[in-house]
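Residue numbers (the working numbering), protein chains in the order written: chain V, 1 to 437; chain B, 438 to 874. Shown next, in structure tokens, is the structure this report addresses.
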């Protein structure tokens, strides 16, 4: 509400910050409400399969933590996080990480909020993949950046296009110095050629597309970023969810001083705990920590101790393979159903090597946003792809999650989606309220 | 780190946002580390007494939630919070609150972060009590406001001084209209006379002073704020911790449309759960919700269900009186020890009616910051008052918490503090490393 929208009788006119205009409801989270309708098969939310939640291990860990260490577990604690959990995180990563570089966050979403606060000025440039994680766009937006998509293909960021976009496409040896001058001399709010504050990348089984970056692309990206002085923010919530082989090395492992790394316990344990972490270079860790203190003092100490208790003795070595096997089966079920049900419909999709999502393109001329009400009427939900673009959305794209629904639901839901596409092609009227009958 | 501080060999020059310059370590949280030294008696942190934590009730609730509803409790959930917990909060408050107005937050500290994001523009004015909660100053600072202290006395905000500060001290009938013009026409970043975005107030057993506002003062403040169109942000983490009688009505109850109300489960259950809540008018709730989504998606669903489970059947009616009785005894022990140990030292203190803190003024010419190393050498810790002022700190002030230490520790600690003051007055050298021996 802007001041001039206030009723003149208002006793206290609230004046919203300018950034509040950029805060808009998440399409995905609004959809989550829609999909709570009984009977709907949802491929929309990125909800891990609840059958994978380690309920028994959690119950034992809660009991043990409260019995042995209840007073500490329920008390205020250090903003950095619980020491043994930070040590576990550092030891779990495939490069040399000092636990002092690990900051426990309230989900990895909070890591994005802290990155935005510490690195983004109003008007400064931020680069993202095309498309990218919607929650990152929402976390960055309040700090009022100019968000720019970087051209990307089925293998992730197009490194040559990135260099062109940064004005370094002709291998200019002076680009590093040029960047420094730009950073020092120009007000980022007023100059469109200022150096971007960072590039945000999801190299593994990306949300929303499910695509991954190969090793060569990763090496090229890190080398290019280092050459032009572009910091990378690497988000890796899905990396453990591979089907047949682990993904290549993290970007951060190739240049730890030039990257912030975000991780999460949501996909390998449970999202309802809201625990994630970030690993940051010593040069910026203190500011991220201070932003964390101001944001929520610390992440729940109880949850941190319970997770540390669950994790010890190699729990994940036994647990995560069961998640991988389940998600692989469900992904295969969805791919199989797509092949069967979409036959002859000119629909395209990819075949991810892990993660939770795959990416679909509807036939020429069809809009995923327009299709959604008809799909919901047919008792199936997805997320239109448009929400995931910083600019120039692809109206034909949509995201399907294959992890929440069972294999049988997947077969039924994909058939219902194909039916909705056929109805849309035939121009039949949609009836949202009468349900599937 | 500013760009021109970067080593020239840096492969990726991180450029910090301007707001990062305002992010500085919390004196209190740094002190918490200091006070982890074995043997130190700490009156510094605002740590609730761990003997009050309902460990057994928590254990039973964790078990029941995981057994009966584990999959939902560990899944992603709505950003607004868990429905039954929102309903409990609405029903617990002494004015008509629709559960739809309640937003569950990751501690009430997060409420301050969300308020800052939604209401503060760079350069806009924000008013706080003198002194005020350090964590609020830290939460507001990243959004780059001009924070101004409002003159306050032992009864809280001085309403006449507030009106003078707002240019409305002569009962101008046009002040409301004048504020509207200021808000509409002037850029807050460039105008020192723009209307403040809000006044942040802790009416009950304030942190850091322990003082409370009486009913008449509350009525006068709410009436004045409504008259000049000043929104109020009311923070009430300590209101349930009264000794002999409950505090007067919340400010928000007197004008719900003009106030945001923040509450917490940290002081009546346990801070390690990181659960608080805010109640906001319908006109700004959606923006706070969107800021919440972007910040951490939602507060831990597991913790919300466990707390809802603990709270049902009137648990707090049995539990909170035991906290009140304990804190009253500990406050009396501290007051008694101060009377005994500080005799003849020209030290002043107040006598709170509840909460966790009391406020001490050292003798003329003595600095609490300078005293602290000597106190720590004597194995007692406190927080210098200077940290709690938006400007013009009182160097003689310090905050003592009476809730963390036992009655015996309180007697020993206050004696040690008195000894440190005597040594300081006598100009003895401090020896921080040799301990008390």
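Beta carbons are placed, not taken as given, at the ideal position from N, Cα and C, and that holds for glycine. Because the structure is a prediction, the values reported are computed rather than measured.
- Query: With 16 other CB atoms within 10 Å as the buried threshold, where does residue 502 (chain B) fall?
  - Reply: buried
- Using 8 Å as the Cβ pair cut-off and three pairs as the minimum, do the stretch 752 to 767 of chain B and the stretch 505 to 514 of chain B touch? no
- With 8 Å set as the bound, which would you pick, yes or no: does the beta-carbon of residue 95 (chain V) sit closer than that to a beta-carbon of chain B? no
- Distance, residue 281 (chain V) Cα to residue 176 (chain V) Cα: In this prediction, residue 176 (chain V) has a pLDDT of 47, which is less than 50 and means its spatial position is unreliable; what the coordinates show is noted afterwards. Those two C-alpha atoms are separated by around 20 Å.
- Can you list the beta strand (DSSP E) stretches of 3 or more residues lying completely in the stretch 765 to 849 of chain B, in chain order? 794 to 798, 834 to 838
- Hey, is residue 452 (chain B) close to the ligand NAP, as in C-beta under 7 Å from one of its heavy atoms? Looking for the ligand NAP in the displayed structure turns up nothing, as the structure carries no ligands at all.
- Task: Would you identify the three-state DSSP class for residue 525 (chain B), choosing helix, strand or coil?
- Result: helix
- For chain B, find out if any of its Cβ atoms is closer than 8 Å to the Cβ of residue 357 (chain V); answer yes or no. no
- Message: Considering only the alpha carbon of each residue, which of B:525, B:698, B:760 lies closest to residue 635 (chain B)?
- Response: B:698
- Report the option in B:691, B:818, B:864, B:831 whose CA atom is closest to the CA atom of residue 799 (chain B). B:831
- Task: Buried or exposed for residue 866 (chain B), please, with buried defined as at least 16 other CB atoms from any protein chain shown within 10 angstroms of its CB.
- Result: exposed
- Got a sec? Which residues, its chain only, sit under 7 Å from residue 407 (chain V) by beta carbon, not counting five neighbours each side? 329, 330, 333
- Using a C-beta cutoff of 8 Å, does residue 249 (chain V) count as contacting chain B? no
- 9 Å Cβ cut-off: residues of chain V touching residue 461 (chain B): 290
- Task: Report all residues from its chain with a CB closer than 6 Å to the CB of residue 885 (chain B); omit the five preceding and five following residues, and keep chain order.
- Result: The displayed coordinates of chain B run from 438 to 874. Any statement about residue 885 (chain B) would go beyond what the structure contains.
- Interface partners of residue 740 (chain B) on chain D, CB under 9 Å: Here the protein chains are V and B, and chain D is not one of them.
- Counting Cβ pairs closer than 8 Å, one from the stretch 678 to 697 of chain B and one from the stretch 639 to 658 of chain B, do we hit at least three? yes
- Message: Does residue 383 (chain V) pass the burial test, meaning 16 or more other C-beta atoms within 10 Å, or should it be called exposed?
- Response: buried
- Query: DSSP on residue 200 (chain V), reduced to helix/strand/coil?
  - Reply: strand
- Task: Spatial neighbours of residue 863 (chain B) within its chain, please: CB distance less than 8 Å, with the 5 preceding and 5 following residues excluded, ordered by chain position.
- Result: none
- Secondary structure, beta strand (DSSP E): runs of 3+ residues fully inside the stretch 525 to 612 of chain B: 539 to 542, 562 to 566, 583 to 587
- Message: If you reduce the DSSP assignment to three classes, tell me which class residue 858 (chain B) lands in.
- Response: helix
- Task: May I ask you to report which of helix, strand or coil DSSP gives residue 455 (chain B)?
- Result: helix
- Which stretch, first to last residue, makes up the alpha helix (DSSP H) that contains residue 716 (chain B)? Looking at the DSSP string, residue 716 (chain B) is not in any alpha helix (DSSP H); the run it does join, the beta strand (DSSP E), is 713 to 716.
- Query: Using a C-beta to C-beta distance shorter than 7 Å, which residues of chain V count as neighbours of residue 543 (chain B)?
  - Reply: 106, 296
- Query: Which residues in the same chain as residue 420 (chain V) place their Cβ atom closer than 8 Å to its Cβ, once the five residues preceding and following it in sequence are excluded?
  - Reply: 371, 374, 375, 377, 378, 380
- Task: List the residues of chain V whose Cβ lies closer than 7 Å to the Cβ of residue 555 (chain B), in chain order.
- Result: 16, 17, 20
- Could you tell me which residues DSSP pairs with residue 232 (chain V) in its beta bridges? V:199, V:259
- Task: Kindly indicate the opening and closing residues of the alpha helix (DSSP H) around residue 517 (chain B).
- Result: Here residue 517 (chain B) belongs to no alpha helix (DSSP H), and DSSP marks it neither H nor E.
- Message: Can you confirm whether the stretch 521 to 539 of chain B touches the stretch 598 to 605 of chain B when touching is taken to mean that 3 or more C-beta pairs between the two stretches lie within less than 8 Å?
- Response: no
- Query: Could you check where the alpha helix (DSSP H) with residue 296 (chain V) kicks off and where it finishes?
  - Reply: 285 to 296
- Task: For the stretch 46 to 66 of chain V and the stretch 577 to 587 of chain B, state whether three or more C-beta atom pairs, one from each stretch, are separated by less than 8 Å.
- Result: no
- Message: To the nearest angstrom, how far is the alpha carbon of residue 271 (chain V) from that of residue 558 (chain B)?
- Response: 33 Å
- Task: Using a Cβ cut-off of 8 Å (strictly closer), state whether residue 62 (chain V) contacts chain B.
- Result: yes
- residue 486 (chain B) - DSSP class collapsed to helix/strand/coil: coil
- Starting from the C-beta of residue 410 (chain V), find all residues in its chain whose C-beta is less than 7 Å away, skip the five residues before and the five after it, and write them out in chain order. 330, 333, 334, 337, 402
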